Amino acid sequence: MRPKFFVVYISPNGSTRLIADVFLQQLNRSGQQVTSLNLADHLLVPDFIEEFTDTENVCLLIGSPVYRDMAVPPVMDFIHRLPKMKNAWAIPFVTWGLACSGIALWQMGKALLEKGFRIAGAAKVASVHAMMRNMDHPIGEEHPDKEDQKQIIQLIDLLVSRFEANEMKALDLETLDYQSPEMSGECKSRIGKTWMIVPKKIDTNACTQCGLCEEECPVQAIVLDPYPKFTNTCFDCFNCVQLCPENAILPARSLEEIQANINKRINLIQEKPLTQSFM
Ligand SMILES: Cc1cc2nc3c(=O)[nH]c(=O)nc-3n(C[C@H](O)[C@H](O)[C@H](O)COP(=O)(O)O)c2cc1C
Ligand code: SF4
Ligand code: SF4
62 MRPKFFVVYI SPNGSTRLIA DVFLQQLNRS GQQVTSLNLA DHLLVPDFIE
112 EFTDTENVCL LIGSPVYRDM AVPPVMDFIH RLPKMKNAWA IPFVTWGLAC
162 SGIALWQMGK ALLEKGFRIA GAAKVASVHA MMRNMDHPIG EEHPDKEDQK
212 QIIQLIDLLV SRFEANEMKA LDLETLDYQS PEMSGECKSR IGKTWMIVPK
262 KIDTNACTQC GLCEEECPVQ AIVLDPYPKF TNTCFDCFNC VQLCPENAIL
312 PARSLEEIQA NINKRINLIQ EKPLTQSFM
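Numbering (the working numbering), first residue to last: 62 to 340.
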């Protein structure tokens with residue numbers, strides 16, 4: 062029996078959305094029933110979760126950017142809000158900025174298994190580093206490229222053919238724990254700790270109170286009062302810093318300093334392959 066597919070993601074900088082769209086288009090092409098949700102549309106989340114009434118005949122594709130080696134809080138929160146499933150399938154996917162993809166896939170896989178899903182497949186996809194997006198040549202420039210997208214198309218084609226032949230295979234969680242034991246252990250030790258935020262100040266001389274940052278924050282973490290104030294739902298995507306037309310949102314660490322640290326990490330880890338599907 063064909064499952065009902067759900068595609069869920071958050072994507073402050075657009076790469077995870079691009080991959081979610083590749084999944085969506087390929088599922089549509091193969092005639093599957095599919096519904097999608099961008100978690101930035103937070104008002105739609107409760108009704109969307111209500112759609113998980115059939116707890117068996119479902120395949121959830123869920124995408125997160127990798128931030129600080131982890132899946133981002135809005136995605137993990139969404140998984141935790143789902144009802145307990147019976148024999149449903151899930152496909153976690155992440156986009157990462159070539160520094161380190163960390164344990165994001167493992168973390169999502171673990172939470173999905175705890176909700177009663179089986180893991181049908183997974184993918185990590187090389188992407189432009191969102192922190193560098195305003196620079197001339199950001200790390201990961203041009204990713205996800207055609208080759209990255211081809212791997213995603215192959216993954217979905219294989220999974221659809223397995224569904225149709227009733228020959229699904231469940232992945233072990235260990236498959237998604239592909240970092241070195243030291244790196245994996247270090248990342249896991251940070252689970253459940255406070256999400257690290259780079260503090261940000263507002264330059265009130267420069268801010269025109271235009272409201273753009275408030276409108277565009279994917280988790281509604283900015284309130285204009287009368288200048289932007291940050292609430293504790295901020296997960297530090299840097300979207301507001303990068304899109305403020307007046308450069309009025311000033312992070313405590315400059316993007317140049319952050320980039321230098323990222324480059325050190327890239328040289329140290331040299332993670333390969335950049336894009337990989339697990340099936
Ligand atoms: C706050 C922040 C932290 C990030 N941390 C990492 C990281 O630990 N490793 C990495 O490879 N990329 C990291 N990135 C880059 C993102 O994972 C990458 O750009 C991703 O594709 C962004 O997804 P989006 O375009 O859907 O927003 C980080 C980006 C931001 C904004
Ligand atoms: S986008 Fe910039 S100028 Fe506009 S309200 Fe936000 S901080 Fe102020
Ligand atoms: S307040 Fe800024 S950095 Fe925090 S989540 Fe919103 S857009 Fe991202």
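Quick reminder that beta carbons are idealized off the backbone N, C-alpha and C, glycines included.
From a predicted model like this one, the values you see are computed outputs, not experimental measurements.
Inset, instruction - Evaluate the contact criterion for the region 156 to 168 versus the region 219 to 232: three or more CB pairs, one atom per stretch, below 8 Å. - result: In this structure the region 156 to 168 does not lie against the region 219 to 232, because fewer than three pairs of beta carbons, one per stretch, are closer than 8 Å.
Inset, instruction - Please classify cysteine 90: does DSSP put it in a helix, a strand, or coil? - result: Strictly speaking, residue 90 in this sequence is arginine, with cysteine absent from that position. If DSSP states are grouped into helix, strand and coil, arginine 90 belongs with the helices.
Inset, instruction - Determine the direct distance from the alpha carbon of threonine 255 to that of valine 284, and round the result to whole angstroms. - result: 22 Å
Inset, instruction - Indicate the three-state DSSP secondary structure (helix, strand or coil) for methionine 193 in the structure shown. - result: helix
Legend entry - Closest Cα partner of proline 73 within the set Pro134, Thr269, Trp150: Pro134
Legend entry - Selected residue, minimal CA-CA separation from tyrosine 70, among Phe109, Arg63, Lys290: Phe109
Inset, instruction - Give the secondary structure of phenylalanine 296 by DSSP, where H, G and I count as helix, E and B as strand, and everything else as coil. - result: coil
Inset, instruction - Confirm, please, whether the CB-CB distance from leucine 122 to phenylalanine 67 is below 8 Å. - result: Judged by beta-carbon spacing, leucine 122 lies within the 8 Å limit of phenylalanine 67, meaning their Cβ atoms are closer than that value.
Legend entry - Beta-carbon proximity list for isoleucine 80, same chain, < 7 Å, skipping 5 on both sides: Within the same chain, isoleucine 80 has close Cβ partners Gly124, Phe154, Thr156, Val186, Pro205, Ile213.
Inset, instruction - Identify every residue that forms a DSSP beta bridge with arginine 78. - result: In the DSSP output, where bridge partners are listed per residue, arginine 78 has none listed.
Inset, instruction - Measuring alpha carbon to alpha carbon, tell me which of Arg63, Gln86, Phe339 ends up nearest serine 216. - result: In the sequence as presented, serine is not what sits at residue 216; that position holds leucine. Nearest to leucine 216 by C-alpha distance, out of Arg63, Gln86, Phe339, is Phe339.
Inset, instruction - Please indicate yes or no: does the CB of tyrosine 128 lie closer than 7 Å to some heavy atom of ligand 1? - result: yes
Legend entry - glycine 177 beta carbon near ligand 2 (any heavy atom closer than 7 Å): no
Inset, instruction - Report the residue from Cys271, Phe84, Met169 whose alpha carbon sits nearest the alpha carbon of lysine 211. - result: Residue Phe84 is the option with its Cα nearest to lysine 211.
Inset, instruction - Please name the residue or residues paired with leucine 122 in a DSSP beta bridge. - result: Val68, Ile152
Inset, instruction - Assign glycine 92 to one of two classes, buried (16 or more other C-beta atoms within 10 Å of its C-beta) or exposed (fewer than that). - result: exposed
Legend entry - Any non-hydrogen atom of ligand 1 closer than 7 Å to threonine 336 Cβ: no
Inset, instruction - For serine 338, name the three-state secondary structure that DSSP assigns. - result: Strand, per DSSP.
Legend entry - Cβ-based burial, asparagine 300 [other Cβ within 10 Å; buried from 16]: buried
Inset, instruction - Rank Asn89, Asn308, Thr116 by C-alpha distance to the C-alpha of asparagine 148 and give the top, closest one. - result: Thr116
Legend entry - Reduced DSSP category for asparagine 324 - H, G, I as helix; E, B as strand; rest coil: Note: asparagine 324 maps to helix in three-state DSSP.
Inset, instruction - Express the C-alpha separation of threonine 292 and alanine 309 in angstroms, rounding to a whole number. - result: Answer to the nearest angstrom: the Cα atoms are 17 Å apart.
Legend entry - Candidates Ala231, Leu159, Val95, of which the one nearest lysine 333 by Cα: Leu159
Legend entry - Rounded straight-line distance, which links the Cα of leucine 316 to that of histidine 198: 13 Å
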